[in-house]
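Residue numbers (my numbering): 70 to 433. Where is the CB? At the ideal position from N, CA and C, for every residue including glycine. What follows is a set of notes on a single structure, which appears directly below.
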């Protein structure tokens, strides 16, 4: 029996996104020609200097789209009574920012499978359970995640070692294989948002029978990428790694050895798809103020510094140990998935050459 496939020819790609951009905020991986970096940007950034490059891994993860680096929580004002100068009241202001009222739904094109696994982890932290973040839920609602299987494997890619896959579309709304001149849809979610998107833009797609040569090529792409990724690190036994981490928690000597180069710069945290540490602060302007949430990092000395002056993680090895346990121990105990998705971005950006695989390997 012939198998029907849906394809998107690359000459139809930009017209599709331009049309979608009328109803969605569209993000896609763009290559900055001036500095050579590929990152997720809004569609409006596309120009001669910012060109589409869906094959390469982006420097930063797409988490900032749903979990911004800095985000206002509310505005407030101080109210003083001239008759009682020693007393000050704080009053919350009503929201007047129109940008917060009409948040567009989002389409993110060109995600890697590890990126969508990272977004799933963010969902577990901010969007599910008893403590939900309404700001995150509002941004995430109705979004469409379009990922492309990895034809290109980098030396620091190791998703296969942590339970992922180079063509894993489990957490994608639409999963594509890049066959050169066109994309083939290998997965599409059965939800209303995706169905409506495809229906409204069906003229950009084609449906036809899958040829034997195409089927062979897709299988070969998947096989080759999986094989290359497996060479980058052996598979981690998720059911045992948390036990190993617990067992070696007090191995101070080894933890100090594997973290002695760390300078607490936070580069690894800011590119990581799953790091979610944040701090809350107030920005004051005369009698007005703004409470905001901004990214923080657990290897930061001040992150755990208490008002008393005591710091329960005063040494860098203690803070880095917490980071590794968060990825390979604590989150797994709560959600039965490893918090590290194996994207390798932390390895790529570390200025002192720390490799998270070598850190974990020291305890295996």
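Counting the other Cβ atoms within 10 Å of the Cβ of residue 363 gives fewer than 16, which makes it exposed. Taking C-alpha positions only, residue 141 is separated from residue 291 by approximately 42 Å. Scanning 322, 379, 389 and 272 for the CA closest to the CA of residue 75 turns up 272. Cβ contact annotation for residue 432 (same chain, cutoff 6 Å, sequence separation greater than five): 313 and 317, in chain order. In terms of Cα proximity to residue 95, the closest of 382, 82, 332 and 346 is 82. Collapsing the DSSP output to three states places residue 305 in coil. Of the other Cβ atoms in all chains shown, 16 or more fall within 10 Å of the Cβ of residue 229; this residue is therefore buried. The Cβ-Cβ distance between residue 240 and residue 186 falls below 8 Å. The DSSP-derived three-state label of residue 163 is coil. In the DSSP assignment, residue 111 is bridged to 96. The closest CA to that of residue 384, considering only 421, 331, 403 and 345, is found on 331. Under DSSP, residue 75 forms a beta bridge with 276. Looking only at 305, 325 and 336, the smallest Cα-Cα distance to residue 430 is reached by 305. Residue nearest to residue 392 within the set 335, 107 and 124 is 335 (criterion: CA-CA distance).
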